[in-house]
Amino acid sequence: MDREVLRKKRTGSRTDCKTYNGTSRTFRFLPCIERQHFLIQQVMSLPSTTPPDTALHWQTTLTRPSVEFDVEDESSCEEVDQDGAPTEADIMTVTAELTLVDLFRPELISVCKDIVSKDELSDVVRQKLRYAALSHRWLSVGEPTFQEMSVERKHQSTRPGLIKLRNFCQKAREYGCRLAWSDTCCIDKKSSAELDEAIRAMFKWYRNAEICIVFLADSSSISDFSEEVWFQRGWTLQELLAPPRIKFYGRHWDELSRSRNDKEDHSMLEALSHVTGISRQNLLYFSPGLVDVREKMIWASKRRTTRVEDIAYSLIGILNISLNVAYGEGERAFRRLMEAIIQSCREWQILAWAGPHSPFQASIPRSPLAYCAFDEASATMLLPNRYITDRPSKLGDPFFTMTKRGLELEVILVEMMLQQPAPRRPGGTQKKTQTIRLISDSADFFDVTAQCDITLLPFSQWAVAIVNYRADESGKRGGVGKLKPANDYLCFILGSSIHSAHGGWQKVETQKIVTIRTKREMYQRVTTVWL
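Counting along the sequence shown from 1, when you hit position 499 you're at 499 in full-length UniProt numbering, and nothing is skipped either side.
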């Protein structure tokens, strides 16, 4: 048999994986719960004659990525019995900075046909790494930092932040967790790279926690939820949605329910749904992604963040979208988030917003609050896709996208005439925001009314762009759209003048979402606009 020398080195943050066939070994490096730690798993392959009930021994070591791994004795890799069975020399040792012996003792895993199930290994690792995650509102001062906790010294136990951390660890132990994670002291915020990775992985960390322990500093019972600041903060939205198991504690660390998991408590779910506006279904079974994006924006609109960029960053995990973190960019963060959503989402409802637009792009809202600018008349039309009787995939242009010219979108374009606002009374003052009325050149449409700033209407031509028409079955660009007389349709008010870019249309800012109705069933060819 050919003799091989196996030498594995691990440096940086790259994960190596190599398989050696026959009677040699397979080494896999699996990411652990923290970025800077890696679980080294050693799997010894067994010959085909091994009985199915043979148990496989495996060893684990926890280390930091700056540590270089090396087989201490290369000759041991060459010693194999003639019959191909592993010898004692096959037990490899790996240099490490930190070994958690108490957490990672050798386990016995059943093997059948020389295969170890990845799910089987994952279950063992998950049980070993059961951890609790803390969700709370940060104190203005006194929270323990990563640097403080990294230094071996006695901490002042009277600091409110340390008292909170100690109580959290006590509750984590009561849930059988030997590991605990808190965002105040488990993230090195002085490292921009680590902060970026932590923000993008935060949802997953809360989702994988054995229990999420929530400390409500302003509540002593469920009846206090309406005044609780925790429900008004941006980052706590994902901390409510992500974990399958959650437990709420009041200001004195008293339980607010008798259940071990508050997501299984009926009265608690009712209270959570009432104060957040989130359905019980989403509280129990929330799945991140670009589905019902507008509904998620409405949830976020009720919350505030200390830094303006966090309005966007706190939605990364909820929307399961990739976005680099760059503190200092200000409102550009939400613009980048919306551009990323538009490039991947196919729901026309994300275009249903009103109010101030981004200072960098007129077709993008300034904040999630813009998605709340609707009245009861348009509420039914804007329901999430699962409530729409018409096939949602056939409504509007599913291929809208952002280009250098702006939002590219196929719409049914209806030319309109502006009915001038009421003239200003002598000696009086004219309101800046007034209701305008647009009258169709055709008798097939009802008039359109909207409230807008009349000082920003330097247009000579007017039109409305209907967004959620019924698309034809061809699926081709430039097709024909269908309108029904009983339906309300989302539309944009557009204006054009000799000063408009490329001689095109501009979206007019309105205070509320605008809708239009037709008087009869109509078929009309769609038009591409750039907004």
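Ideal Cβ positions, reconstructed from N, Cα and C, are used throughout, including at glycine.
Start and end residues, alpha helix (DSSP H) containing residue i
i: W253; result: Looking at the DSSP string, W253 is not in any alpha helix (DSSP H), and its letter there is neither H nor E.
i: I298; result: V293 to S301
i: K171; result: P160 to E174
i: L531; result: Unbroken run through L531: none, as it is neither H nor E.
i: L271; result: The sequence as given places Ala at residue 271; Leu does not occur at that position. It spans H266 to T276 - the alpha helix (DSSP H) in which A271 sits, taken as one unbroken run.
i: E148; result: F146 to S150
Inter-residue Cα distance where the pair is residue i and residue j
i: S363; j: T158; result: 51 Å
i: S314; j: P144; result: 22 Å
i: P365; j: F492; result: 13 Å
i: I321; j: E197; result: 13 Å
i: D262; j: V229; result: 19 Å
i: Y449; j: A465; result: Looking at the sequence itself, residue 449 is Thr, so the reference to Tyr does not match. Using only the alpha carbons, I get a separation of about 14 Å.
i: S358; j: E329; result: 13 Å
i: K476; j: R346; result: 15 Å
i: G161; j: G142; result: 5 Å
i: F27; j: L179; result: Low local confidence applies: a pLDDT of 27 at F27 is under 50, so the model's placement there is unreliable, and no value is given.
i: D254; j: S220; result: 8 Å
i: G479; j: F286; result: 36 Å
i: L360; j: S301; result: The question names Leu, but residue 360 is Phe in the sequence shown. Each residue's Cα considered, the two are about 20 Å apart.
i: T184; j: F146; result: 7 Å
i: D375; j: V411; result: 23 Å
i: R332; j: E309; result: 8 Å
i: residue 533; j: W505; result: Absent from the structure is residue 533, since the part of the chain shown begins at 1 and ends at 531.
i: I516; j: E509; result: 16 Å
i: W299; j: N487; result: 27 Å
i: T527; j: F400; result: 12 Å
i: I213; j: Q349; result: 35 Å
i: Y131; j: P368; result: 33 Å
i: E521; j: K482; result: 7 Å
i: A209; j: P243; result: 7 Å
i: L269; j: N468; result: 34 Å
i: S440; j: V514; result: 15 Å
i: S273; j: W353; result: 24 Å
i: E473; j: L409; result: 18 Å
i: W205; j: W138; result: 18 Å
For residue i, the first and last residue of its enclosing beta strand (DSSP E)
i: A133; result: Y131 to S135
i: E408; result: G406 to Q419
i: L240; result: Here L240 belongs to no beta strand (DSSP E); instead the alpha helix (DSSP H) covers T236 to L241.
i: T403; result: T401 to T403
Option in the options with minimal Cα separation from residue i
i: R304; options: I513, Y285, D196 and W235; result: W235
i: I246; options: E194, S279, A300 and Y175; result: Y175
i: R307; options: S287, F334 and V293; result: F334
i: L351; options: D218, P359 and D397; result: D397
i: A340; options: I316, F360, A326 and I298; result: I316
i: A217; options: S497, W181 and F231; result: F231
i: R294; options: A193, S192, C185 and M338; result: M338
i: E415; options: R336, D453 and A443; result: A443
i: Q451; options: R437, Q461 and F459; result: R437
i: Q281; options: T403, L241 and L490; result: L241
i: V325; options: S259, K189 and T433; result: K189
i: W462; options: K484, G495 and Q127; result: G495
i: S460; options: D488, S497 and R207; result: S497
i: Y523; options: Q511, K484 and T515; result: K484
i: residue 534; options: A172, D224, L134 and A193; result: Residue 534 is absent from the model: the chain starts at 1 and stops at 531.
i: F446; options: T518, F225, Q343 and Y249; result: T518
i: L490; options: R137, L382 and K432; result: L382
i: S279; options: K296, E210 and S440; result: K296
i: H136; options: T433, G277, L121 and R251; result: R251
i: L195; options: Y327, L418 and Y371; result: Y327
i: M149; options: C186, D224 and Y249; result: C186
According to DSSP, residues forming a beta bridge with residue i
i: L216; result: None, per the DSSP bridge assignment.
i: E227; result: E227 pairs with nothing; no bridge assigned.
i: V508; result: V508 pairs with nothing; no bridge assigned.
i: G495; result: W462 and Q506
i: S440; result: M416
i: V514; result: C491
i: L179; result: Y131
i: D453; result: T433
i: L357; result: The residue asked about is misnamed: residue 357 is His in this sequence, not Leu. In DSSP, H357 forms a bridge with P365.
i: G481; result: A471 and Q524
i: M202; result: Paired residue(s): none; M202 is not in a bridge.
i: L195; result: In DSSP, L195 forms no bridge with anything.
i: Y249; result: F215 and E255
i: L395; result: R470
i: F445; result: T518
i: R207; result: Note: R207 sits in no beta bridge, so no partner.
Heavy atom of the ligand HEM within 6 Å of residue i beta-carbon
i: A180; result: Questions concerning the ligand HEM fall outside what the structure shown contains, since it holds no ligand whatsoever.
(Q) Give the list of continuous alpha helix (DSSP H) stretches no shorter than 4 residues that lie fully inside the region 278–342. (A) 280–285, 293–301, 310–313 and 316–319
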